[in-house]
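Asks: As they're listed, the protein sequences go chains A and B.
At position 77 of the first sequence the residue is numbered 77 (my numbering), and the sequence of numbers has no breaks.
Numbering-wise, my numbering comes out as the position in the second sequence, counting from 1, plus 114.
Sharing a structure with you now.
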Amino acid sequence: GAVVSQHPSWVICKSGTSVKIECRSLDFQATTMFWYRQFPKQSLMLMATSNEGSKATYEQGVEKDKFLINHASLTLSTLTVTSAHPEDSSFYICSARFGFQPQHFGDGTRLSIL
Amino acid sequence: AQTVTQSQPEMSVQEAETVTLSCTYDTSESNYYLFWYKQPPSRQMILVIRQEAYKQQNATENRFSVNFQKAAKSFSLKISDSQLGDTAMYFCAFMKQIQGAQKLVFGQGTRLTINP
Chain A
1 GAVVSQHPSW
11 VICKSGTSVK
21 IECRSLDFQA
31 TTMFWYRQFP
41 KQSLMLMATS
51 NEGSKATYEQ
61 GVEKDKFLIN
71 HASLTLSTLT
81 VTSAHPEDSS
91 FYICSARFGF
101 QPQHFGDGTR
111 LSIL
Chain B
115 AQTVTQSQPE
125 MSVQEAETVT
135 LSCTYDTSES
145 NYYLFWYKQP
155 PSRQMILVIR
165 QEAYKQQNAT
175 ENRFSVNFQK
185 AAKSFSLKIS
195 DSQLGDTAMY
205 FCAFMKQIQG
215 AQKLVFGQGT
225 RLTINP
């Protein structure tokens with residue numbers, strides 16, 4: 001149980017385009033979803049927290065207009081990297097939680113901007 | 115601010131040996147949760163074990179156990195009878211509730227290699 005699906009697993013796109021990453025909880029209702037960024041050989045950095053039906057809460061230093069987060073349902077959250085540039089290349093991981101249960105993580109998305 | 119420190123960037127042991135990964139944290143709170151996550155080369159984050167701060171008994175999950183020393187703010191992970199599949203990055207994480215939101219703060223990670 002507690003499966004979180006993240007799609008796509010790997011995306012390559014040109015600089016200036018926007019990229020959408022989906023995070024779905026497959027067998028539970030995710031009242032809260034989290035988006036993390038992980039640079040090579042580094043730890044996870046929390047970008048934002050989103051509760052279903054509410055605006056996301058961004059961590060300090062994370063650009064809201066660059067990283068658009070939508071959490072329209074209890075099973076789906078999306079992260080859109082707008083006007084992506086090479087410095088946005090990274091590994092993005094989502095996690096989902098029901099209530100105060102532990103977070104369950106997706107498999108991550110490797111984003112490469114050319 | 116809550117910080118989590120893992121002082122061992124890398125560790126390497128032989129298969130079947132026991133290995134202990136260190137983690138210390140800093141907080142002024144009395145009630146919180148601690149976790150160990152495993153990230154294998156596939157990069158999926160897998161929950162290994164969790165500990166609730168108000169519980170004195172150390173958590174155990176099969177070959178994985180923790181040594182939770184609340185006063186010392188220490189939360190080490192012991193892996194017994196290590197297996198090749200245990201090779202991964204291990205992250206210690208601290209969680210507390212902040213204004214209705216619960217956030218995880220991760221340590222820097224320890225890269226563990228199990229050698230055949």
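C-beta: ideal position from N, C-alpha, C; glycine also.
How many angstroms separate the CA atom of Asn51/A from the CA atom of Gln183/B?
Replies: Taking the straight line joining both Cα atoms gives about 33 Å.
Asks: Where does Asp200/B fall in DSSP's three states?
Replies: Note: Asp200/B maps to helix in three-state DSSP.
Asks: Please give the ranges of any beta strand (DSSP E) in the region 131-168 of chain B, keeping only runs that are unbroken, at least 3 residues long and fully inside the region.
Replies: Within the region 131-168 of chain B, the complete beta strand (DSSP E) runs of at least 3 residues are 133-135, 138-140, 147-153 and 160-166.
Asks: Would you mind giving the Cβ-Cβ distance between Thr49/A and Phe67/A, rounded to the nearest angstrom? I have them listed as a contact below 8 Å.
Replies: Not confirmed; about 12 Å, so no contact.
Asks: Which value, in whole angstroms, describes the spacing of the CA atoms of Asp140/B and Val118/B?
Replies: Taking the straight line joining both Cα atoms gives about 7 Å.
Asks: Does the beta carbon of Gln222/B sit closer than 8 Å to a beta carbon anywhere in chain A?
Replies: Yes, its Cβ sits closer than 8 Å to a Cβ of chain A.
Asks: Under a CB-based cut-off of 8 Å, is Met125/B close to chain A?
Replies: No - not a single Cβ of chain A is within 8 Å of the one on Met125/B.
Asks: Let me know the secondary structure DSSP gives Glu87/A once reduced to three states.
Replies: Helix at Glu87/A.
Asks: So what's Phe182/B in DSSP terms, helix, strand or just coil?
Replies: Of the three classes helix, strand and coil, the one that applies to Phe182/B here is strand, per DSSP.
Asks: Does at least one heavy atom of the ligand GDP sit under 7 Å from the Cβ of Thr227/B?
Replies: Although the ligand GDP was asked about, the structure shown includes no ligands whatsoever.
Asks: Residues of the region 2-36 of chain A in Cβ contact with chain B at a cutoff of 7 Å, in chain order, please.
Replies: Residues: none.
Asks: Taking the alpha carbon of Ser194/B as the reference point, which residue from Glu143/B, Arg177/B and Asn145/B has its own alpha carbon closest?
Replies: Out of Glu143/B, Arg177/B and Asn145/B, Arg177/B has the C-alpha closest to the C-alpha of Ser194/B.
Asks: In three-state terms, what does DSSP make of Thr17/A?
Replies: DSSP places Thr17/A in coil when its eight states are reduced to three.
Asks: Once the 5 residues before and after Phe98/A are set aside, which same chain residues still bring their CB inside 7 Å of it?
Replies: For Phe98/A, where only same-chain residues beyond five positions count, the Cβ hits under 7 Å are Phe28, Gln29, Ala30 and Thr31.
Asks: What's the call for Ala215/B, buried or exposed, on a 16-neighbour Cβ count within 10 Å?
Replies: With fewer than 16 other Cβ atoms within 10 Å, it is exposed.
Asks: Bridge partners for Val118/B per DSSP, in chain order?
Replies: DSSP lists Tyr139/B as partners of Val118/B.
Asks: I need the DSSP call for Val219/B, collapsed to helix, strand or coil.
Replies: Residue state, collapsed to three classes: strand.
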